[in-house]
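Chains as they are written, first to last, in our numbering: chain A, -17 to 171; chain B, -17 to 171.
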DNA sequence: ATCTAGTCTTAAACTATCTTAATATTTTAC
DNA sequence: GTAAAATATTAAGATAGTTTAAGACTAGAT
């Protein structure tokens, strides 16, 4: 009964045989999380890459003055971590916590490195994953510098409608990089 | 005399034997470009991925009102294209042109797909390349929403000092997403 | 069910950034 | 080498976004 979401996600790009599936599942660790549970804290080293089986999470940074900036939201079928901290095994700039009760699959840094060697198909899988992630961020960078805040807000609610029931105005504002007061004034229109 | 920059770039992450090097070079096309020569225009399909042997280029978008937004600069040893348009073979959102006389290596979309099959090590190479590109863009996204324009300007000149002699204030402004007038007023300090 | 703490909205005063326009400077084309 | 075009700077007035503070409205904890 291997009906994990993560296997469907992998099989979007590569095909695994039964042995490979077994091995892959053996390096994962399933974790059930409560609402508002934190799985990574700024400053910590980031040892895991997470896949969302169900639920939702948020990755954000808090600066010296206490201002929060949300860098990404993740819902079912998304991968999330502080990628810089994970890949280079250095202190995290981001904290990550659940927005609701959630289930994630943990993939350990060392185990992923071994996986690339043992099943090279995963190089292809993550090549495509990072390729798409890069494209998404490049589009976001363009929108950030060329759109007005109102355009970016409309785009956000159109692009991520599944998120809306789960997140606060304050969190949307911190993703757009404006104050909740200003977001509120935009919505009045 | 295979002393191409691109081979050194590849060998940062994978090791090729002589046969593989020959094959790889055979799918590349060397192109010498004049200053201000355009290699991709908004609206076109984007068939090539480019590597900069020497010189420098800029990728930018122009919106309906004629406002330019620079999405990236590339100098020696960098890869550049409209990745969304390249990977999904759809119309480009970006134009790319040289900032000075330059030499690039062209890698064709179809040839790259074949390369992944013929020499799977390239899956690893591009996995690492996209991984780093994603990390860079994620850091940029965070800086865009959490830093002041002045902080972002200082960070830009610190991070890309090699670019400064080659680019105009207007282009820096369009990368930061502000007007040249406002950038000028920041520099007065 | 009630209390509390956090969120959302509104408004006024303030700061950052844009727009326009004029001038000075640099680059490009012949 | 010179004229024309593009870039850079400056400044004044307009718009976008922040800060602060207060009141209304949830949601979470007991």
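Don't be surprised by glycine CBs; every beta carbon is placed ideally from N, CA and C. Quick caveat, the model's predicted, so the values are computed rather than measured.
DSSP bridge partner residues for residue i (one or two, in chain order)
i	result
residue 43 (chain B)	B:51
residue 174 (chain B)	Outside the displayed range of chain B (-17 to 171) lies residue 174 (chain B), so it cannot be described from this structure.
residue 27 (chain B)	B:73
residue 79 (chain A)	A:20 and A:40
residue 10 (chain B)	B:89
Where residue i falls: helix, strand or coil (DSSP)
i	result
residue 2 (chain B)	helix
residue 16 (chain A)	coil
residue 72 (chain A)	coil
residue -15 (chain A)	coil
residue 36 (chain B)	strand
residue 59 (chain B)	coil
residue 154 (chain B)	helix
residue 21 (chain B)	strand
residue 66 (chain A)	helix
residue -4 (chain B)	coil
residue 102 (chain B)	coil
residue 171 (chain B)	coil
residue 144 (chain B)	coil
residue 149 (chain A)	coil
residue 108 (chain B)	helix
residue 121 (chain A)	helix
Burial state of residue i (16 or more Cβ within 10 Å)
i	result
residue 127 (chain A)	buried
residue -16 (chain B)	exposed
residue 113 (chain A)	buried
residue 119 (chain B)	buried
residue 171 (chain B)	exposed
residue 72 (chain B)	exposed
residue 37 (chain B)	buried
residue 150 (chain A)	exposed
residue 156 (chain A)	buried
residue 154 (chain B)	buried
residue 139 (chain A)	exposed
residue 22 (chain B)	buried
residue 99 (chain B)	exposed
Nearest residue (CA-CA) to residue i, options the options
i	options	result
residue 75 (chain A)	A:82, A:124, A:114 and A:66	A:66
residue 64 (chain A)	A:115, A:125, A:81 and A:9	A:115
residue 90 (chain A)	A:106, A:31, A:169 and A:62	A:31
residue 58 (chain B)	B:39, B:152 and B:0	B:39
residue 61 (chain B)	B:9, B:-9, B:5 and B:121	B:-9
residue 20 (chain A)	A:88, A:77 and A:160	A:77
residue 7 (chain A)	A:122, A:93, A:141 and A:55	A:93
residue -11 (chain A)	A:68, A:29 and A:35	A:35
residue 55 (chain B)	B:161, B:159, B:142 and B:160	B:142
residue 145 (chain B)	B:80, B:160 and B:88	B:80
residue 161 (chain B)	B:52, B:5 and B:29	B:52
heavy atom of the ligand FMN below 7 angstroms from residue i C-beta
i	result
residue 70 (chain A)	Of the ligands one can find in the structure shown there are none, so the ligand FMN has no counterpart to examine.
Three Cβ pairs or more, each shorter than 8 angstroms: is that satisfied between the region 131 to 140 of chain B and the region 153 to 165 of chain B?
They touch, by the three-pair rule.
Check whether the region -5 to 3 of chain B and the region 45 to 53 of chain B are in contact - that is, three or more C-beta pairs closer than 8 angstroms.
The region -5 to 3 of chain B and the region 45 to 53 of chain B do not touch, with fewer than 3 CB-CB distances between them shorter than 8 angstroms.
Pairing CB atoms from the region 80 to 93 of chain A with CB atoms from the region 4 to 16 of chain A, are three or more of them under 8 angstroms?
Of all C-beta pairs linking the region 80 to 93 of chain A to the region 4 to 16 of chain A, three or more are shorter than 8 angstroms, placing the two stretches in contact.
Determine contact between the region 95 to 112 of chain A and the region 97 to 106 of chain B, defined as no fewer than three beta-carbon pairs at a distance below 8 angstroms.
With a cut-off of 8 angstroms, the region 97 to 106 of chain B and the region 95 to 112 of chain A count as touching, because enough Cβ pairs lie within range.
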